[in-house]
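Here this note's numbering is used: position 265 in the sequence shown is 265, and no number is missing along the way.
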Amino acid sequence: MLTAQDTAPAMTAAQFGKLSQIVHSDTGIVLSEAKRGLLVARLSKRLRALNMADFGAYCTLLDSDRGKEERRHLLSAITTNVTAFFREGHHFDALARDVLPQLIARAKAGGRVRLWSAACSSGEEAYSMAMTVLDAFPDAAQHDVLILATDIDPEVVARAESGVYPTDTIAAIGGQRLRKYFDQQGDSFTAKPALKAIMRFGELNLHQPWPFSGTFDVIFCRNVVIYFDTDMRRSLWQRFATVLSSDGALFIGHSERVDGPAAQQFRITGATQYQLVTPTSPSH
Ligand SMILES: C[S@@+](CC[C@H](N)C(=O)[O-])C[C@H]1O[C@@H](n2cnc3c(N)ncnc32)[C@H](O)[C@@H]1O
1 MLTAQDTAPA MTAAQFGKLS QIVHSDTGIV LSEAKRGLLV ARLSKRLRAL
51 NMADFGAYCT LLDSDRGKEE RRHLLSAITT NVTAFFREGH HFDALARDVL
101 PQLIARAKAG GRVRLWSAAC SSGEEAYSMA MTVLDAFPDA AQHDVLILAT
151 DIDPEVVARA ESGVYPTDTI AAIGGQRLRK YFDQQGDSFT AKPALKAIMR
201 FGELNLHQPW PFSGTFDVIF CRNVVIYFDT DMRRSLWQRF ATVLSSDGAL
251 FIGHSERVDG PAAQQFRITG ATQYQLVTPT SPSH
């Protein structure tokens with residue numbers, strides 16, 4: 001029996017080199033030669049959508065005037081978007097227990113509170129943060145509290161913003177919370193307006209300039225730097241140090257750790273949970 005891989009067009013070493021170089025410079029994601037098959041599999045669908053016979057034509061398109069727009073599709077095809085509600089649940093417990101009490105007190109006193117899901121994929125992480133905030137602070141929307149959810153991949157950001165999830169992905173939320181924060185329509189669940197009221201969504205490449213004016217009290221950047229090369233990963237940690245508030249919390253993935261020069265700036269406060277050692281950003 002023929003598989004999709006058997007019928008996929010071949011990709012030459014030069015074409016793989018060009019495509020992996022574009023992916024690396026745009027995203028920081030490293031595609032080793034071993035990933036050539038993966039790239040072929042993921043881009044074959046895109047070639048069919050464009051009615052193109054081979055990767056030569058696709059590389060020509062990337063070099064043309066329409067290349068910039070096509071790069072967004074290339075990134076969508078190559079990013080790994082695996083995620084889940086309350087993934088690595090201990091982080092949400094720590095958020096509720098160690099971090100939110102002082103942030104809620106500040107918000108009630110009229111202060112500003114910002115949380116960031118920095119590679120949010122289809123939004124499960126950011127909605128889990130929002131549910132954790134609203135469980136502890138039901139009036140959050142009446143105060144200056146916002147959760148920003150961003151990702152490089154426009155397709156997953158659109159899904160996150162829609163707030164619509166199929167039955168199999170919402171199982172981790174649990175019955176009571178599910179009814180409180182989501183409306184069921186047939187086989188899918190939609191985030192209620194009260195949940196979305198404290199959330200904002202946007203496309204953002206972590207390796208490009210960030211359009212922020214203030215600092216963040218909480219940053220979740222989990223399961224993304226594993227795809228980056230050492231320099232890009234280390235530079236990202238240093239940039240987080242400049243936008244995290246002095247008493248803020250950084251949460252990273254279970255197989256990740258802050259390394260390089262930024263390791264001096266952070267101290268571990270829990271499992272893959274960090275705080276700044278020396279304030280490098282203004283306190284509130
Ligand atoms: C495996 S998912 C992790 C989602 C979520 N943080 C979690 O832990 O469940 C990795 C996400 O990182 C995003 N990503 C990859 N490179 C990125 C970049 N340079 N800037 C922003 N997001 C990026 C991908 O699009 C993908 O949605």
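Cβ coordinates follow ideal geometry from the N, Cα and C atoms, glycine included. Note that the structure is predicted; figures quoted are calculated from it, not measured.
By DSSP's assignment, PRO166 forms a beta bridge with SER188.
Each residue's CA atom was taken as its position, placing VAL258 and ALA53 some 44 Å apart. With contact defined as three or more Cβ pairs closer than 8 Å, the stretch 109 to 125 and the stretch 265 to 278 are not in contact. A residue is called buried when at least 16 other Cβ atoms come within 10 angstroms of its Cβ; HIS254 does not meet this threshold and is exposed. Between GLU125 and ARG200, the C-beta gap is not smaller than 8 Å, which leaves the two residues out of contact. Burial state of LYS196 is buried, judged by a 10 Å Cβ sphere holding 16 or more other Cβ atoms. Just so you know, the alpha carbons of GLU69 and THR80 end up roughly 20 Å apart. When DSSP reads this structure, CYS221 sits in a beta bridge with ILE252. PHE240 sits in a helix when the DSSP states are folded into three classes. When C-alpha distances from VAL82 are compared across ALA14, ILE104, ASP153, the shortest belongs to ASP153. When secondary structure is reduced to three states using DSSP, GLU88 falls in the coil class, being assigned neither helix nor strand.
Exclusion of GLU256 from the 7 Å shell around ligand 1 follows from its C-beta lying no nearer than that to any non-hydrogen atom of the ligand. DSSP places LEU74 in the uninterrupted alpha helix (DSSP H) bounded by 67 to 78. At least one heavy atom of ligand 1 lies less than 7 Å from the C-beta of ASP151. Annotation: the continuous beta strand (DSSP E) that includes ASP151 extends over 145 to 151. The stretch 94 to 101 makes contact with the stretch 125 to 145, as at least three CB pairs between them are under 8 Å.
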